[in-house]
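Student: Protein sequences appear in the order of chains W and C. Those letters in the first sequence? Residues 0 to 204, by numbering that gives the first Met the number 0. Those letters in the second sequence? Residues 0 to 204, by numbering that gives the first Met the number 0. Supplied in structure tokens, the structure appears directly below.
Number of protein chains: 2
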Amino acid sequence: MVKVKIDERAEQRILAAAKKIFLSKGLDGARMQDIADEAGINKALLHYYFRSKDKLFETIFMEVAKHFLPRVSEIFESGKPLFDKIELFCETYIQQMKETPYLPLFILGEATRRPETFVKKVFGNRKPPVHLFVAQVQQEIKSGNIKPVHPLQLLIDILSMCVFPFMARPMLEHVAGINKKQFDAFIEERKKLVPEMIIASLKNN
Amino acid sequence: MVKVKIDERAEQRILAAAKKIFLSKGLDGARMQDIADEAGINKALLHYYFRSKDKLFETIFMEVAKHFLPRVSEIFESGKPLFDKIELFCETYIQQMKETPYLPLFILGEATRRPETFVKKVFGNRKPPVHLFVAQVQQEIKSGNIKPVHPLQLLIDILSMCVFPFMARPMLEHVAGINKKQFDAFIEERKKLVPEMIIASLKNN
DNA sequence: GTCTATATTCCGATAGAC
DNA sequence: GTCTATCGGAATATAGAC
Numbered sequence: 000m001v002k003v004k005i006d007e008r009a010e011q012r013i014l015a016a017a018k019k020i021f022l023s024k025g026l027d028g029a030r031m032q033d034i035a036d037e038a039g040i041n042k043a044l045l046h047y048y049f050r051s052k053d054k055l056f057e058t059i060f061m062e063v064a065k066h067f068l069p070r071v072s073e074i075f076e077s078g079k080p081l082f083d084k085i086e087l088f089c090e091t092y093i094q095q096m097k098e099t100p101y102l103p104l105f106i107l108g109e110a111t112r113r114p115e116t117f118v119k120k121v122f123g124n125r126k127p128p129v130h131l132f133v134a135q136v137q138q139e140i141k142s143g144n145i146k147p148v149h150p151l152q153l154l155i156d157i158l159s160m161c162v163f164p165f166m167a168r169p170m171l172e173h174v175a176g177i178n179k180k181q182f183d184a185f186i187e188e189r190k191k192l193v194p195e196m197i198i199a200s201l202k203n204n
Numbered sequence: 000m001v002k003v004k005i006d007e008r009a010e011q012r013i014l015a016a017a018k019k020i021f022l023s024k025g026l027d028g029a030r031m032q033d034i035a036d037e038a039g040i041n042k043a044l045l046h047y048y049f050r051s052k053d054k055l056f057e058t059i060f061m062e063v064a065k066h067f068l069p070r071v072s073e074i075f076e077s078g079k080p081l082f083d084k085i086e087l088f089c090e091t092y093i094q095q096m097k098e099t100p101y102l103p104l105f106i107l108g109e110a111t112r113r114p115e116t117f118v119k120k121v122f123g124n125r126k127p128p129v130h131l132f133v134a135q136v137q138q139e140i141k142s143g144n145i146k147p148v149h150p151l152q153l154l155i156d157i158l159s160m161c162v163f164p165f166m167a168r169p170m171l172e173h174v175a176g177i178n179k180k181q182f183d184a185f186i187e188e189r190k191k192l193v194p195e196m197i198i199a200s201l202k203n204n
């Protein structure tokens, strides 16, 4: 009884430590020793629980990858009006990136270096239903409710503005001369500004 | 005479090889053997010319980092009208990223993992004159020529939409189901669409 | 300058005591 | 399950012949 509890706690501590180290250093830059130190246990125990570095990495990758497309399906499949979906999308994304700021660089870095394995790991067999978003945009255009735009370009515009600032954070802090607190305020402001700008660009005069 | 020529060519081949390998694999993922193979020479020669892996990396990083802020100073310092600057900025950035698509992930990845050393390496002591852009935007707002916006948010909006698609390429190709040719067309289209959208969002009714 | 061979360091993985 | 000690391979770096 007590033993099981301790084991579980060790395993959980390893997972938390591995997540932190892999996210910040990447697969190649991470050391098993770093993870062991972070978890407060011995290197050998990592292998006891997860057999190899690759296995441990895969476990972490699968676990965090799903947060990179947070609730996208849910949002796209909801019956909400387009502008509501855009607002919710931005809010959801920016909030998720605030909680896991290393995530985009980690996922896209590994996806670029290992494109073949990436696809299956992140998406399994289910892709997010982009076509639903595309169809809705086309419908609104046909109805004359918004200006004619390329739906996919629009989606990438939104995604770019929500995610990129977190990836460019060190550059941004230096070039613009802002500190961490100001960065947080800057990001918080974007939750409103990004959807406002997108929606403004879609509206007819 | 001949010797010098051969030496120079070896050194140049090493630099080209190192650039390719470091950009695609990062510092941690790159192997000296990979670089030697790519350059068609022996591992020992890398150390003869550049002493260590770190030194070689630093050489490459300094050389490519400047392309990450392509002609930004030049554009900001030009006397052009704001909308012209925005168009030129987008055109310049997207063109640069087309030529070196690995660059943003490489620079921002290394910048995140090694923030302390990054700043000096990329910028030296000279930051791009963001304040000029900010001042010009504020001036246009005061004159009533554009809607009131936060200049820095605007700048990040533009930068995000120009750079992010290249970083998200593998995801984009899979989720949207497009191939390399279609991606190129998609990107080419953005050279027009991004400044159009930005400018549209700035115009008063 | 360029190579082969080797030294050195580092790191993932395992063996075995407790 | 957890530890210490160690193995074995891989990667950086150097020595030395040509």
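Just so you know, even glycine gets a beta-carbon here, dropped at the ideal spot from N, CA and C. In this text, all values refer to a predicted model and were calculated from it rather than measured experimentally.
(1) I need the straight-line Cα distance from S200 of chain C to S23 of chain W, nearest angstrom please.
(2) Which chain W residues sit within Cβ distance under 9 angstroms of A15 of chain C?
(3) Should A184 of chain W be flagged as near chain C, meaning a C-beta pair shorter than 8 angstroms?
(4) State yes or no: is the beta carbon of E86 of chain C nearer than 8 angstroms to at least one beta carbon in chain W?
(5) Helix, strand or coil for K126 of chain C, going by three-state DSSP, please let me know.
(6) Counting only beta-carbon separations shorter than 8 angstroms, does K65 of chain W have a partner in chain C?
(7) For V1 of chain W, does the three-state DSSP call read helix, strand or coil?
(8) Applying the criterion that 16 or more other CB atoms from any shown protein chain within 10 Å of the CB defines a buried residue, is G176 of chain C buried or exposed?
(9) When DSSP labels each residue in this structure, what does I40 of chain W get in the three-state scheme?
(10) Roughly how many angstroms lie between the CA atoms of V129 of chain W and R12 of chain C, to the nearest whole one?
(11) Run down chain C in chain order and give the residues with a C-beta less than 9 angstroms from the C-beta of M96 of chain W.
(12) Are the CB atoms of P114 of chain W and F165 of chain W within a distance shorter than 8 angstroms?
(13) Assuming F182 of chain C contacts E172 of chain C under a Cβ cut-off of 8 angstroms, what Cβ separation, rounded to an integer in Å, is found between them?
(14) Tell me, which residues are paired with I186 of chain C by DSSP?
(15) For the stretch 25-38 of chain C, which residues have a beta carbon sitting closer than 9 angstroms to at least one beta carbon of chain W?
(16) State the Cα-Cα distance for the pair A167 of chain W and L107 of chain C, rounded to the nearest angstrom.
(17) When the cut-off is 8 angstroms and only beta carbons count, does A199 of chain C lie next to chain W?
(18) How many angstroms separate the CA atom of H66 of chain C from the CA atom of I93 of chain C?
(19) Would G143 of chain C pass as an interface residue toward chain W - the criterion being a Cβ-Cβ separation below 8 angstroms?
(20) At a Cβ threshold of 8 angstroms, is V1 of chain W touching chain C?
(21) Mind pulling the chain W residues with CB within less than 9 angstroms of I93 of chain C?
(22) Taking F105 of chain C as the reference, which of C:V193, C:D27 and C:R8 has the closest Cα?
(23) On a Cα-Cα basis, can you pick out the residue from C:E10, C:L131, C:K97 and C:A38 that is closest to M20 of chain C?
(24) Going by the CB atoms, is the gap between F117 of chain W and P169 of chain C shorter than 8 angstroms?
(25) Please tell me whether T111 of chain C has its Cβ less than 8 angstroms away from any Cβ of chain W.
(26) With a threshold of 16 other CB atoms inside 10 Å of the CB of G25 of chain W, please say whether the residue is buried or exposed.
(27) So, is S159 of chain W buried or exposed, given that buried needs 16 or more other C-beta atoms within 10 angstroms?
(28) Answer yes or no: do P147 of chain W and I155 of chain W have a C-beta to C-beta separation smaller than 8 angstroms?
(29) Thinking Q95 of chain C and P69 of chain C are a contact (beta carbons under 8 angstroms), I'd like their distance in whole angstroms, please.
(30) Buried or exposed: where does Y47 of chain W fall if 16 or more other Cβ atoms within 10 Å of its Cβ makes it buried?
(31) If we call anything under 8 angstroms between Cβ atoms a contact, is P150 of chain W one with V71 of chain W?
(32) So that I know if they touch, is there some Cβ in chain C lying closer than 8 angstroms to that of F75 of chain W?
(33) Exposed or buried, what is K61 of chain C when buried is set at 16 or more other beta-carbons lying within 10 Å of its beta-carbon?
Tutor: Let me lay it out:
(1) Each residue's Cα considered, the two are about 36 angstroms apart.
(2) None at all; the shortest Cβ gap to chain W is about 20 angstroms.
(3) No, A184 of chain W lies away from the interface with chain C (no Cβ there is under 8 angstroms from its Cβ).
(4) In terms of beta-carbon proximity, E86 of chain C stays away from the interface with chain W, with every pair separated by 8 angstroms or more.
(5) DSSP places K126 of chain C in the coil class of the three-state scheme, outside both helix and strand.
(6) When Cβ-Cβ separations below 8 angstroms define contact, K65 of chain W makes no contact with chain C.
(7) Confidence at V1 of chain W is low in this model, with a pLDDT of 40, below 50, so the placement of that residue should be treated as unreliable; the coordinate-derived value is given next. Helix, per DSSP.
(8) Of the other Cβ atoms in all chains shown, fewer than 16 fall within 10 Å of the Cβ of G176 of chain C; this residue is therefore exposed.
(9) Correct three-state label for I40 of chain W: coil.
(10) Per the coordinates, the alpha-carbon of V129 of chain W lies some 44 angstroms from the alpha-carbon of R12 of chain C.
(11) Contact of M96 of chain W with chain C by beta-carbon distance below 9 angstroms is absent, the smallest such distance being about 12 angstroms.
(12) No, the Cβ-Cβ distance between F165 of chain W and P114 of chain W is not below 8 angstroms.
(13) With a Cβ gap of about 6 angstroms, F182 of chain C and E172 of chain C count as contacting.
(14) For I186 of chain C, which the question treats as bridged, DSSP gives no partner whatsoever.
(15) The stretch 25-38 of chain C vs chain W, Cβ under 9 angstroms: G25, L26, D27, G28 and A29.
(16) C-alpha separation (whole angstroms): 6 angstroms.
(17) By the rule that beta-carbons nearer than 8 angstroms mark a contact, A199 of chain C touches chain W.
(18) Straight-line Cα distance between these residues: approximately 12 angstroms.
(19) With 8 angstroms as the cut-off, G143 of chain C does not count as an interface residue toward chain W.
(20) The predicted position of V1 of chain W is uncertain, since its pLDDT is 40 and thus under 50; a value taken from the coordinates is nonetheless stated next. Chain C, which has no Cβ nearer than 8 angstroms to the Cβ of V1 of chain W, makes this no.
(21) Ordered by position in chain W, no residue passes the 9 angstroms Cβ test against I93 of chain C, which lies about 12 angstroms from the chain.
(22) Closest by alpha carbon: C:D27.
(23) Note that residue 20 of chain C is Ile in the sequence shown, not Met. Ranking the options by Cα distance to I20 of chain C, first place goes to C:A38.
(24) Yes, Cβ-Cβ distance for P169 of chain C and F117 of chain W is below 8 angstroms.
(25) With 8 angstroms as the cut-off, T111 of chain C counts as an interface residue toward chain W.
(26) Looking at its Cβ environment, which holds 16 or more other Cβ atoms inside 10 Å, G25 of chain W is buried.
(27) It is buried - the Cβ of S159 of chain W has at least 16 other Cβ atoms within 10 Å.
(28) No, the Cβ-Cβ distance between P147 of chain W and I155 of chain W is not below 8 angstroms.
(29) Contact flag correct, Cβ pair sits at about 4 angstroms.
(30) Around the Cβ of Y47 of chain W, a 10 Å sphere holds fewer than 16 other Cβ atoms; the residue is exposed.
(31) Taking 8 angstroms as the Cβ cut-off, P150 of chain W and V71 of chain W do not qualify as a contacting pair.
(32) F75 of chain W does not count as touching chain C.
(33) The sequence given here places Met at residue 61 of chain C; Lys does not occur at that position. Exposed, since its Cβ has fewer than 16 Cβ neighbours within 10 Å.
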